[in-house]
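Input: a single structure, listed below in structure tokens.
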Amino acid sequence: MDRIQQYIADHIEEIIEDIKYIVEADSPSSDKQLADRCGERIQELYRRRLGCTARVIEEEEYGNHLRFEYGTGDKKLLLLSHFDTVWNKGALSVREEGNRIYGPGILDMKSGLVQAVWALKACKDLGIPLNKKIIHVCTSDEEIGSPSAREVIMEEAKGAMCALVTEPPVEKTGDLKTCRKGSARYFVHIHGKAAHSGNHHDEGVSAIKEAAEQIIYLESLTNYDKGTTINVGAMEGGGKLNVVADSATLGVDVRTETEEEQERIDHLMEELAPHSEGVKLEVEGGIMRPPMLRTESTGELFEHARKVAEELGIRIGEAAVGGGSDGNFTASMGIPTLDGLGAAGSGMHAKNEHIVKDQIPFRTALLGKLIVSL
């Protein structure tokens, strides 16, 4: 086995304990207190394993972001991880079943964060020089579009030779991610006019009826040939059954492959018009992440990773995926960005979310050897 891979295999139980230590600290994106508690565990882990202290980037609404710096050199390599999850406190428990470990955010992406720490620790303990400065940014709001982390990431990315993202690889295939769709989120607030549904139904203007028509229109903008999807994923409104509903709200998720298409849909959302007379619309939200495009430099970065994987005895491919990540921001800056370098498993955002234990040595070694060899 490769030296780094062997080191990780020899320390697998310690790594698993570190993963559980971070996963057991629930950290939903919307709960600053819980996210900060998880962040404190990450800081403790870095101190214990690498002797590093974080620069804490304070946030008022979301959890604090963490910046770690390790190694020295003229070149800078950026590692990106997030520790927020989609799960509320107590929604899932941590458990092992055979070759699998289950838990909230264990795949997306706390294990990848821990593997990054151990990739660096392996190099340290084996005396393998890095010859570069590693900046590891750990953020707390990725699952809701990185509203506060975006500027932090883009500032740290300036001058970086590349960005490596410790999101999980593609399920089943284990492929790395070189292309991601851009994302946007909108909330359409619909204002109608209330009236008694029996006595004065004709005087009312139904916000729910308007919502139904808007849903049909918005979903019709989906174009699979262009890679564009519009999903109305949430709707609320109305109240009493004997009252014409005077308000409703739609939550809309948009994914596109190109910036041009993203801007086109954004313009359509800004110009959204009512179908019924007497209805007023308010649209809030907008573009969250630009598309992560596969550039020539990103292709070269993947090719390097493919060769490193071959040295470890594994074949890996590359893929374009619909979900976004913080790598979208660095890629939009022209920085070679390779995603999917975290833990392997299945069930992202699902109750069966888990990682596969016997993949930890390979995935950690792949990241470690990439850091060393780039």
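Anchor point for the sequence shown: position 82 equals 93 in our numbering, and the numbering is continuous, going up by one each time. The beta-carbon is built from N, C-alpha and C at its ideal position, and this holds for glycine as well.
Exposure of Ser287 is indicated by the presence of fewer than 16 other C-beta atoms within 10 angstroms of its C-beta. Going by C-alpha positions, Leu377 is about 60 angstroms away from Gly289. Following the DSSP letters along the chain, one finds Met165 inside the alpha helix (DSSP H) bounded by residues Ala160 to Ala168.
Assignment of His278 by DSSP, reduced to helix, strand and coil, places it in the helix class. Residue nearest to Tyr197 within the set Asp213, Glu167 and Leu283 is Leu283 (criterion: CA-CA distance). Nearest to Leu312 by alpha-carbon distance, out of Ile117, Ile201 and Asp350, is Asp350.
In the DSSP annotation of this structure, the continuous segment of the beta strand (DSSP E) that includes Tyr81 starts and ends at His76 to Tyr81. In this structure, the CA atom of Asp369 is about 26 angstroms from the CA atom of Ala102. Judged by their CB atoms, Ala320 and Pro179 are not nearer to each other than the 9 angstroms cut-off. Nearest to Asp37 by alpha-carbon distance, out of Gly74, Ser357, Gly203 and Asp21, is Gly74. Distance check between Gln54 and each of Leu124, Thr260 and Asp119 places Leu124 closest, using alpha-carbon atoms only. DSSP places Gly101 in the coil class of the three-state scheme, outside both helix and strand. As summarised for the segment 298-336, the continuous beta strand (DSSP E) elements at least 3 residues long and confined to that stretch are 329-332, given in chain order. The Cβ atoms of Ile145 and Phe94 lie no closer than 9 angstroms to each other.
Ala361 has its alpha-carbon roughly 13 angstroms from the corresponding atom of Asn99. For the set Ser208, Val332, Gly138 and Ser104, the Cα lying nearest the Cα of Thr184 is the one of Val332. Take the alpha-carbon of Gly138 and the one of Arg317: they are about 24 angstroms apart. Taking a contact to require three or more Cβ pairs closer than 8 angstroms, the segment 22-35 and the segment 109-129 qualify as touching. DSSP places Tyr57 in the helix class (H, G or I) of the three-state scheme. Of the residues assessed, Gln225 falls on the buried side of the cut-off, its CB having 16 or more other CB atoms within 10 angstroms. For Glu224, the enclosing alpha helix (DSSP H) starts and ends at Ala218 to Ser231.
For Thr184, the secondary structure class from DSSP, reduced to helix, strand or coil, is coil. Membership of Tyr18 in the alpha helix (DSSP H) is indicated by the continuous run Arg14 to Asp21. With contacts defined by Cβ atoms closer than 9 angstroms, Glu268 and Thr239 form a contacting pair. Leaving aside the five residues that flank Asp47 on each side, the residues in its chain whose CB is nearer than 7 angstroms to its CB run, in chain order, Gly74 and Asn75.
Assignment of Glu154 by DSSP, reduced to helix, strand and coil, places it in the helix class.
For the 9 angstroms CB-CB criterion, Leu90 and Ala174 form a contact. In the structure shown, Ser384 falls within a helical segment according to DSSP collapsed to helix, strand and coil. Residue burial is scored here from C-beta neighbours: Arg266 has at least 16 other C-beta atoms within 10 angstroms and is therefore classed as buried. Residue state for Ala245 is assigned as strand, using DSSP reduced to three classes. Here the C-alpha atom of Asp264 lies approximately 19 angstroms from the C-alpha atom of Gly338. Note: Lys144 is bridge-paired with Lys87 in the DSSP secondary-structure output.
Contact annotation: Leu232 and Ile276 have beta-carbon atoms nearer than 9 angstroms. A residue is called buried once 16 or more other Cβ atoms fall within 10 Å of its Cβ, and Gly156 is buried on that count.
For Ser40, there is no enclosing alpha helix (DSSP H), as DSSP gives it neither H nor E. In the structure shown, Asp264 adopts extended strand secondary structure according to DSSP, grouped into three states.
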